[in-house]
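Report on the following structure.
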Amino acid sequence: MKLFKKLFLLVLALGVQLTYAEETDSLRFGKKYTNFIGFSTDVGEIMPTNKFIENSDNAQAYSANLKYGYKASKDSPVNHFFGMPYLGIGLKFTYMPMHDSFGYPITPYLFQGANLYKLNDKLSLNYEWNLGMSFNWKTYDPFTNRDNIAISSGLNVHVAFIPHLDWKVSDNSNLKLGFSLSHFSNGSTNQPNYGLNLLSSFLEYDYAINEEPGTVVETKDPKDVSKWNLDYMFTLSTREVMFDTTGTGLLSKYIDHKFTVLAFTLSPYRVYNHRFKYGVGLDVVYDESVNATAWREYNPIDGGMYDRIKLGSFGDRFVFGASGKGELTMPYYSIYGSLGYNFIQKEDITRLYQMIGVRVYMKDNLYGGFAIRAIHFGQAYCFYWSLGYTIGKNKK
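Anchor point for the sequence shown: position 173 equals 246 in the working numbering, and the numbering is continuous, going up by one each time.
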């Protein structure tokens, strides 16, 4: 629970920072901006990431979203550099026919989006991402809800990526149509945690409260953009794992024990433009859970039975991987993702891994953030907190 309190505070701090920066820094969103409200609906399927979902005939999900956001003023250079960005807060209500197992989750979240490609004066291809905390889940229980191996926490991280078409119906109204890829998980801080992945179609109506007349002011690109960045990132996490009960005397394969996970990543990046950079990375991970064993043992002192854990050898706990990376840069933060392969590891699991995360630059080149590391393109391995430094990044 402490992990999610910290995440909530970080999300809140990010929201405060965005609001404060918007009000004080005219070189970003501008001193004037457009407020808008929105309503959207999602209809989709829960993707089969575990046997419980695979064997269900009711793996659907339906959501309604209420949103408030703002966009940059039309004279702000941010529109030219970052593709007409917008951001705000939303509230998602989700209904699933499998509510007896999952409950009725409610999700407050931050959202941000921008233009990817302008098709004409009224139609564009856009993206949006959501990040929030989801509560009101019905969780795994070995007696009353033992089939639900997807969700074991009442409070979970929610992330979503939403590519869509944006049609400007009038000066004040927009319609958006696309699809949503979303994920609910606790980042393996508790087990079982296969997580839920949803693929949904989505329709949204936005109304601008104070839309400004006129057109966006064009701005020339500055000539002092760095061509290369070198990034150092340190990460910290904990995770729970499942153990084999065969011949161990364990009553359950889910043991309440947190294993420490530390990592260091060194990444050279090629800066393509203000919005995007790409590169490669060397990922070194120290994971206490690698080759750990567990069993149940009798204690002659008090006559009780206890779960015991033995860590693997120290050398087994190090994992070395290489990854390809991409980072989408925005005025106040950046979103990054990577696809990697562990070329040295002792544990007999898949070598392919994925990461997606957020960085918030606190002062010039120093940043903090968080990320989810996953395997099988949807199963959370752990949830990272990060601190890093970027050499070659332009000062604000």
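We put the beta carbon where it would ideally sit given N, CA and C, even for glycine.
What residue range does the beta strand (DSSP E) around residue i cover?
i    : result
F208 : 196 to 210
D115 : 106 to 119
D304 : 301 to 312
V230 : 229 to 234
A132 : That residue, A132, is in no beta strand (DSSP E); it is neither H nor E in DSSP.
I408 : 407 to 417
Y454 : 452 to 464
K436 : 425 to 436
D239 : 237 to 241
A223 : No beta strand (DSSP E) holds A223; DSSP gives it neither H nor E.
In three-state terms, what does DSSP make of residue i?
i    : result
K124 : helix
F257 : strand
D98  : Any answer about D98 is weak, because its pLDDT of 43 lies below 50 and its placement is not dependable; what the coordinates show is given next. In the structure shown, D98 sits in coil (DSSP, three-state: anything other than H, G, I, E or B).
S174 : helix
F50  : Examination of residue 50 is not possible in this model, given that the chain is present from 74 through 469 alone.
R369 : strand
M169 : coil
Q90  : Legend: pLDDT at Q90 = 46, less than 50; position of this residue unreliable, value from coordinates given subsequently. Reduced to three states, the DSSP call for Q90 is helix.
F81  : Residue placement at F81 is poorly supported in this model, since its pLDDT is 49, which falls under 50; the coordinates are not used for a value here.
E284 : coil
L192 : coil
E420 : coil
N266 : coil
L76  : For L76, the pLDDT reaches just 49, beneath the cut-off of 50, and the residue's location in the model is therefore unreliable, although a value from the coordinates is still provided. In the structure shown, L76 sits in a helix (DSSP, three-state: H, G or I).
K249 : strand
M403 : coil
I445 : strand
P158 : coil
L164 : strand
G186 : strand
K468 : Caution applies to K468, whose pLDDT of 49 falls short of 50 and renders its modelled position unreliable; the value that the coordinates give is listed next. If DSSP states are grouped into helix, strand and coil, K468 belongs with coil.
G322 : coil
Y278 : strand
Y213 : coil
K140 : strand
V392 : strand
G397 : strand
S146 : coil
Would you mind working out which of the options sits nearest residue i, comparing C-alpha positions?
i    : options                : result
N302 : I464, N108, A137, N138 : I464
V433 : S225, E400, N218       : E400
K326 : P215, H237, M403       : P215
Y168 : D115, L192, P265, K144 : D115
A233 : N218, S253, E127       : S253
T217 : G142, D173, Y143       : D173
H231 : A134, N270, D244       : N270
L460 : G451, A444, H449       : A444
N123 : K140, I224, I162       : I224
L250 : I235, T402, S243       : I235
F154 : I162, A145, L160       : A145
Y305 : D279, P341, I126       : P341
K436 : Q452, V344, Y462, A447 : Y462
S310 : L276, T262, R390, K165 : T262
R219 : S258, N266, K191, L228 : N266
Y440 : Y379, F307, R312, R390 : F307
Y106 : F275, G268, S149, I119 : S149
R56  : N131, K147, Q452, Y280 : This structure leaves residue 56 out entirely; the chain is present only between 74 and 469.
S136 : T366, M428, L272, N193 : L272
How about residue i and residue j: are their beta carbons less than 8 Å apart?
i    : j    : result
W471 : R348 : This structure leaves residue 471 out entirely; the chain is present only between 74 and 469.
W210 : P181 : no
Y454 : Y426 : yes
L355 : L339 : yes
V334 : Q264 : no
L198 : L238 : yes
G156 : L189 : yes
G409 : G430 : Before going on, a small fix: residue 409 reads as Tyr here, not Gly. A contact, by the Cβ cut-off of 8 Å.
F112 : N138 : yes
F175 : N221 : yes
F332 : E370 : no
Q133 : P158 : no
I328 : F316 : yes
N372 : E420 : no
K398 : Y351 : yes
F393 : V344 : no
N229 : F257 : yes
From what residue to what residue does the alpha helix (DSSP H) around residue i run?
i    : result
V151 : 151 to 155
- Please list the segments of the beta strand (DSSP E) lying wholly inside the segment 325 to 361, counting only runs of 3 or more residues, in order along the chain. 332 to 344, 349 to 360
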